[in-house]
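Data first, discussion second: the structure below is written as structure tokens.
Numbering (our numbering), first residue to last: 13 to 122.
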């Protein structure tokens with residue numbers, strides 16, 4: 013799906029111009045900006061034991077720690093030659109653990 017950016021009136025709203033400038037979006041010389049929206053992938057479940065091992069934690073505690081955000085998470089979806097892969101990063105008390113999985117949550121060499 014492509015979205016055309018023609019709503020130049022919204023550029024006058026507070027903060028919009030600054031946000032567009034910070035993102036490097038040209039607002040004056042460009043007639044339309046196309047944005048491609050990717051379909052939402054199905055959820056990927058990662059084995060808590062892998063996360064616990066990577067961060068040195070008890071596997072039984074990991075789900076609750078993720079739920080209450082004591083363990084912060086970032087998930088990136090692969091595109092192009094990495095399509096179908098997901099890179100998860102888990103952060104806990106200054107530690108970082110990265111894990112690349114397929115769509116079934118199975119670890120792959122990254």
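Each residue gets a CB set at the ideal place from its N, CA and C atoms; glycine is no exception.
- In the three-state DSSP reduction, residue 121 falls in the coil class, being neither helix nor strand.
- Residue 76: member of the alpha helix (DSSP H) spanning 74 to 79, first to last residue.
- A straight line joining the alpha-carbon of residue 110 with that of residue 104 spans about 12 Å.
- Spatial neighbours of residue 85 in its own chain (CB-CB distance under 8 Å, excluding positions within 5 residues in sequence) are listed in chain order as 78, 100, 101, 102, 103.
- Going by C-alpha positions, residue 61 is about 5 Å away from residue 71.
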